[in-house]
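> Here it is, the structure, as structure tokens.
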Amino acid sequence: MERKHFLDNIRWVTVLLVLFYHVIYFYNNKGVFGGIGGFGDYPECRQYQDVVMYILYPWFMPLLFLLAGIGSRYALQKQSAKEWFKARTRKLLVPSTIGLFVFHWMVGYFNTLVASRQGVFDGMPAIAKYLMMAVSGTGPLWFIQVLWLLCLVLLLVRAVDSKDKLYSLCGKANYVVIILLGVLFWVGEQTLIKNPRPESLDGLLNLYKPFFYLVPFLLGYFVFAHDEVQDKLEKAWIPLMVCAVVSGTVLIITTFGQDNTSPQYLGSPLNCLYSWLMCLAMMAWFKARFNHTGAFAGYMTRNSFGIYVVHYLVIAALGYMMKVHTNITPWMQYVILFVAVMTIPFLLNEIIKRIPFIRWCVLGIKKDKTKGSAD
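If you read the sequence shown in the numbering used here, its first letter stands for residue 75, the second for the next number, and so on.
And the structure:
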């Protein structure tokens, strides 16, 4: 099967958007969990740059799971289920477990400082500090942890539908069906715990959202892996993008200032509509206009995963140090952090993938691809 470059391009472009998002998110003042906080309290300090979170957060992670579902379909056409899952385990589970103790404990160090500030490690034995930092270093790796779990679920679904009847049926989806599938986004968001208990794992479940992300993953596998469905989207890319932009504009105007990651926000019909339309519009737009490749696109296709895996160390470390230990003006902190996250992770990825064993632990690859091995 001829490689579909538009899928590769959406993936690495979305990864770059994630990096940009994290620059804004780290300094947000809208109450979104995980950042260090803004440069003043809302609403006195409105920080209009936070609009980036409202534009991107509803759709860019669901889109990555949808693309992963499509990719899983194509991979399982060339590999046995056993081979595929073994490769997924190495690529996803190893970096998000063993990698915590090799690389991401450094992210955990700064995450802990961001949450508790100075003194949190005082009097703590070294091994306890290390374990605490490793566990706290998950950060964006939640994505690949959930993706590994969904791959396991997919194998169970395939076992039930051994004759692939559901896939054949989904290939017949018309425009009305494709749009109405967005209702499943709303259903998935309703699985979030509306009032999470602080002393429980409710917040962790709302962060990982496995039941919600199962929806785009399976839709990618059963519906959007079909050439016929992709062709339908391509023909309608302009109206889809217009509808997505209109719904997103209304959503942002009416909700700016709210915590856009709260269960109530995510489960609203307007957020779900915007999320779904943007997923469709991005696939349609890239299919129509960006179904080709080049030197940079090829490089990003091969390396966007590694860049994603290592990027948050730059955000957490540099963002924390500038906010807490310098008097750099806010706008310059954004500029410095943006330039850093768009360059340093590329270098880290290039270094790590050249170090035997470490590249397996952190990136889930066995051989350095720069030497021509396809992993």
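The beta-carbon is built from N, C-alpha and C at its ideal position, and this holds for glycine as well.
Since the structure is predicted, the reported quantities are computational estimates derived from the model, not experimental observations.
Which value, in whole angstroms, describes the spacing of the CA atoms of residue 244 and residue 303?
One C-alpha to the other measures close to 9 Å.
> Tell me whether the beta-carbon of residue 181 lies closer than 8 Å to the beta-carbon of residue 434.
Going by C-beta atoms, residue 181 is not nearer than 8 Å to residue 434.
> Per the contact definition of three or more C-beta pairs closer than 8 Å, is the region 373-386 in contact with the region 92-108?
Verdict: yes, contact present.
> Which residue's Cα is closest to the Cα of residue 72: 96, 141, 256?
Beyond the ends of the chain as shown, which are 75 and 449, falls residue 72; an answer cannot be given.
> How is residue 121 classed by DSSP in three states: helix, strand or coil?
Here residue 121 sits in coil by DSSP.
> Any idea which residues DSSP pairs residue 330 with across the strands?
According to DSSP, residue 330 bridges with 332.
> Residue 438 to residue 108, Cα distance in whole Å?
Between residue 438 and residue 108, the C-alpha separation is close to 26 Å.
> Once you ignore the five residues that flank residue 256 on each side, which residues in its own chain have a CB closer than 6 Å to its CB?
Excluding residues within five positions, the ones whose Cβ falls inside 6 Å are 350.
> Are the Cβ atoms of residue 166 and residue 158 separated by less than 8 Å?
Not a contact, by the Cβ cut-off of 8 Å.
> In whole angstroms, what separates the C-alpha of residue 188 from that of residue 399?
One C-alpha to the other measures close to 12 Å.
> Please tell me whether residue 310 and residue 369 are closer than 8 Å, where the distance is taken between their beta carbons.
Cβ atoms of residue 310 and residue 369: not closer than 8 Å.
> Determine the burial state of residue 263: buried for a count of at least 16 other Cβ atoms within 10 Å of its Cβ, exposed for fewer.
It counts as buried.
> With a cut-off of 8 Å, do at least 3 Cβ pairs link the region 275-288 to the region 316-327?
Taking 8 Å as the limit for Cβ pairs, the verdict is that the region 316-327 does not touch the region 275-288.
> Evaluate the contact criterion for the region 111-129 versus the region 202-215: three or more CB pairs, one atom per stretch, below 8 Å.
The answer is no - the region 202-215 does not touch the region 111-129, with fewer than three Cβ pairs under 8 Å.
> Between residue 138 and residue 212, how many whole angstroms is the CB-CB distance? I'm expecting something under 8 Å.
Wrong, their Cβ atoms sit about 17 Å apart, outside the cutoff.
> What's the C-alpha gap between residue 237 and residue 432?
Distance between the alpha carbons of residue 237 and residue 432: 41 Å.
> Is the Cβ-Cβ distance between residue 290 and residue 280 less than 8 Å?
In this structure, residue 280 does not lie closer than 8 Å to residue 290 by Cβ.
> In whole angstroms, what is the alpha-carbon distance linking residue 99 and residue 239?
Taking the straight line joining both Cα atoms gives about 43 Å.
> Is it the case that the Cβ atoms of residue 97 and residue 411 are separated by a distance below 8 Å?
A contact, by the Cβ cut-off of 8 Å.
> Quick one: residues in its chain with C-beta nearer than 6 Å to the C-beta of residue 340, no 5 flanking neighbours on either side, listed in chain order?
Excluding positions up to five away in sequence, the list reads 263.
> Roughly how many angstroms lie between the CA atoms of residue 229 and residue 164, to the nearest whole one?
Going from the Cα of residue 229 to the Cα of residue 164 covers about 16 Å.
> Which stretch, first to last residue, makes up the alpha helix (DSSP H) that contains residue 180?
Start and end: 179-190.
> Are three or more beta carbon pairs between the region 329-340 and the region 104-120 nearer than 8 Å?
Because the criterion of three Cβ pairs below 8 Å is met, the region 329-340 and the region 104-120 touch.
> My understanding is that residue 354 touches residue 392, with C-beta atoms under 8 Å, so please give their C-beta distance in whole angstroms.
Actually they are not in contact, since the Cβ atoms of residue 354 and residue 392 sit about 36 Å apart, beyond 8 Å.
> With 16 as the cutoff for other CB atoms within 10 Å, does residue 136 come out buried or exposed?
Label assigned to residue 136: buried.
> Can you tell which of 152, 388, 364 has the C-alpha that lies nearest to the C-alpha of residue 308?
The residue with the shortest Cα to Cα distance from residue 308 is 364.
> Using CA atoms only, rank isn't needed, just tell me which of 387, 403, 85 is closest to residue 415.
Nearest of 387, 403, 85 to residue 415, Cα basis: 387.
> Three-state secondary structure (DSSP) at residue 416?
It is coil, neither helix nor strand.
> Leaving out five residues on either side along the sequence, give the residues of the same chain with a beta carbon under 8 Å from the beta carbon of residue 352.
Here the set comprises 132, 133, 137, 318, 322.
> Within the same chain, show all residues whose beta-carbon is closer than 8 Å to that of residue 293, passing over the 5 residues directly before and after it, in chain order.
Excluding positions up to five away in sequence, the list reads 140, 143, 255, 258.
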